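In my numbering, the protein residues as written are 29 to 214.
Read the structure below first, then the notes.
What follows is the structure, given as structure tokens:
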């Protein structure tokens, strides 16, 4: 059986690898701005645009049908943390723009947003993998899991250039090779 929650957990492996890269990047005093932009693009379009979209458009509404509240409880917490993550990414993006204009003080703000995002997402992913997805596994049928999985696959493979899941994974693996050559690709 193909499981939607397993699919989401697989995404988490790659998102956590990107976070490892981000943490390494924050130790560099003269970063490659294009790599900072690449991280932001991957977060916006993979972690948020693809992964969070699968949760927000498909899984969470199904859980709502199974009695989970979006006003309180685990789904509400996850939705709130998605918003917090977007705010960190907005901060990264805005300060990268300022850095490109020569404002060197923006680098500290880029890095503080990156580290805030990293900490948020590490905790967020742990809660999803260990609590919410286990609750979802109990609440939705195998048929629902299979149906969601098929919807997720369609979304992952319909992307334009560099927007399929496999393209994002390749881009993350490229950053791993640049910033952490001792770590094998996933």
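Just so you know, even glycine gets a beta-carbon here, dropped at the ideal spot from N, CA and C.
All values reported here derive from a predicted model rather than from experimental measurement.
Check your understanding: Among residues of its own chain, excluding the 5 on either side of residue 66, which ones have a beta-carbon nearer than 8 Å to its beta-carbon?
Key -> Around residue 66: 199 and 203.
**Study point:** Supposed contact pair residue 180 and residue 55 - C-beta distance, whole angstroms, cut 8 Å
**Key:** That belief does not hold up - the Cβ atoms of residue 55 and residue 180 are roughly 35 Å apart, past 8 Å.
Point to revise | Cβ-based burial, residue 184 [other Cβ within 10 Å; buried from 16] | key: buried
Exercise for review: In the DSSP assignment, find the alpha helix (DSSP H) that holds residue 100 and state where it starts and stops.
Suggested key: Here residue 100 belongs to no alpha helix (DSSP H), and DSSP marks it neither H nor E.
Exercise for review: Report, in whole angstroms, the separation of the C-beta atoms of residue 30 and residue 177, which I expect to be a contact under 8 Å.
Suggested key: 4 Å
Check your understanding: With C-beta atoms as the reference, is residue 64 less than 7 Å away from residue 124?
Key -> In this structure, residue 64 places its C-beta atom within 7 Å of the C-beta atom of residue 124.
Review point. Which residue from 132, 162, 53 and 74 puts its Cα closest to that of residue 103?
Key: 162
Point to revise | Exposure of residue 136, with buried meaning 16 or more beta-carbon neighbours within 10 Å | key: Taking all protein chains shown into account, residue 136 has fewer than 16 neighbouring C-beta atoms within 10 Å of its C-beta and is therefore exposed.
Exercise for review: Let me know if residue 87 comes out buried or exposed under the rule of 16 or more other beta-carbons within 10 Å of its beta-carbon.
Suggested key: Looking at its Cβ environment, which holds 16 or more other Cβ atoms inside 10 Å, residue 87 is buried.
Point to revise | Proximity below 7 Å, CB of residue 32 to CB of residue 173 | key: yes
Exercise for review: May I ask you to report which of helix, strand or coil DSSP gives residue 126?
Suggested key: helix
**Study point:** Buried or exposed (CB count within 10 angstroms, at least 16 for buried), residue 41
**Key:** exposed
Exercise for review: Work out the CA separation of residue 164 and residue 91 for me, nearest whole Å.
Suggested key: 7 Å
Check your understanding: In chain order, what residues of the same chain have a beta carbon less than 8 Å from the beta carbon of residue 159, not counting five sequence neighbours either side?
Key -> 102
Exercise for review: Pull up the distance between the alpha-carbon of residue 130 and that of residue 61, whole angstroms please.
Suggested key: 12 Å
Review point. Under 7 Å, do residue 113 and residue 148 count as touching if we go by C-beta distance?
Key: yes
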